[in-house]
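Have a look at the structure below before the remarks.
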Amino acid sequence: LLVTFGIPIINQELNEVSDAIPGLIQEGQQCVNSLYSKLRSLAVPESIGKVMDESFKKIEAVILREMRQLANSLMGLFSQAISIFLAPILAFYILKDWNGFSRKIMFFPPAAVRDDFISLWAEIDDVLMCFIRGHLIVAILVAVFSALGLKLVGMNYVLLLSIIIGIMELIPYFGPIIGSVFAISLALLKSKTLGVYVFIVMVVIQQLESNIISPAILGESVGLHPIMIIFALLAGGKLFGFIGLLLAVPVSAVLKIIMGHVFSLLAAR
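The numbering used here puts the first residue of the sequence shown at 1235, with every later residue one more than the last.
Spelled out as structure tokens, the structure:
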């Protein structure tokens, strides 16, 4: 169903969004010019008028620079679209075949260290399964709630946005912010009122996710300190881009488990 109906819709929405992005820059420039015209129509001393002229030129330059940067970021996200849409499919097949893979890998180590390896692998298996399954459930719920909320307020690109917002949930801390900013920015292309409505929808959904959904489903799924998670995300994003952000936390959790077992073995000897 996703391939037959979803992919064509997503492709159409991607094209529509990419065509609409220049309008965001133009609208921002028009807002600045309109505000400037209203202020200059007031009776102000010439010295103040000169200060206003210089200030608005700087403000306009900053706004246009930031909006172009936002547009480039959005286009960069489009270039990662294949990775984004393949992520949940890859996670599904990992979950589907994980038990068979786990049973086969048990026989790889030599008999002398097999018991230690089985203990290590069991702990890794528990953490990864809890992380992947839990985060997928949270991402799906957030995507569904986002689709309902965005549809309710009359937002366009609902399927595309809900999928992106859901997948961004797989990236702790930064992901929800990226997804929300993405949706709000596109809403502002249509109208400021819609931007406010989408902002409210995103705030409500993130409050539900952080206070109800995630605590109930995830708990302490990977056992990492928040600071370690942030460092892992920064390193993963810097080294491997979007895929690095997705894999940073589970890989860090696995490395922590391995290091713990290594230190335990060294201490025992």
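Glycine is no exception: its CB is placed at the ideal position from the N, C-alpha and C atoms.
Since we're looking at a predicted model, the values are computed, not measured.
{"Check": "Where the alpha helix (DSSP H) containing Pro1460 begins and where it ends", "Outcome": "Pro1460 to Ala1502"}
{"Check": "Residue from Val1361, Ile1492, Gly1409 and Ser1444 with nearest C-alpha to Val1468", "Outcome": "Sequence check: residue 1468 is Leu here, not Val. Comparing Cα-Cα distances from Leu1468 to each of Val1361, Ile1492, Gly1409 and Ser1444, the minimum goes to Gly1409."}
{"Check": "Range of the contiguous alpha helix (DSSP H) that encloses Leu1396", "Outcome": "Reading off the sequence, residue 1396 comes out as Ser, not Leu. Its alpha helix (DSSP H) spans residues Val1392 to Met1402."}
{"Check": "Which of helix, strand or coil DSSP assigns to Gly1429", "Outcome": "helix"}
{"Check": "Other residues of its chain near Gly1429: CB distance less than 7 Å, five sequence neighbours each side excluded", "Outcome": "Ile1418, Ala1421 and Leu1422"}
{"Check": "For Gly1368, three-class secondary structure by DSSP", "Outcome": "helix"}
{"Check": "Exposure of Glu1403, with buried meaning 16 or more beta-carbon neighbours within 10 Å", "Outcome": "buried"}
{"Check": "Nearest-angstrom Cα separation, counted from Cys1364 out to Ala1502", "Outcome": "29 Å"}
{"Check": "Test item: CB-CB of Leu1393 and Ile1491 under 8 Å", "Outcome": "no"}
{"Check": "Rounded separation between Glu1198 and Ser1486 - CA only", "Outcome": "Residue numbering for the chain in the displayed model covers 1235 to 1503; residue 1198 lies beyond these limits and cannot be assessed."}
{"Check": "Environment of Tyr1391 [buried if 16+ CB atoms lie within 10 Å]", "Outcome": "buried"}
{"Check": "Straight-line gap, Phe1476 to Ala1482 (C-alpha atoms, nearest Å)", "Outcome": "10 Å"}
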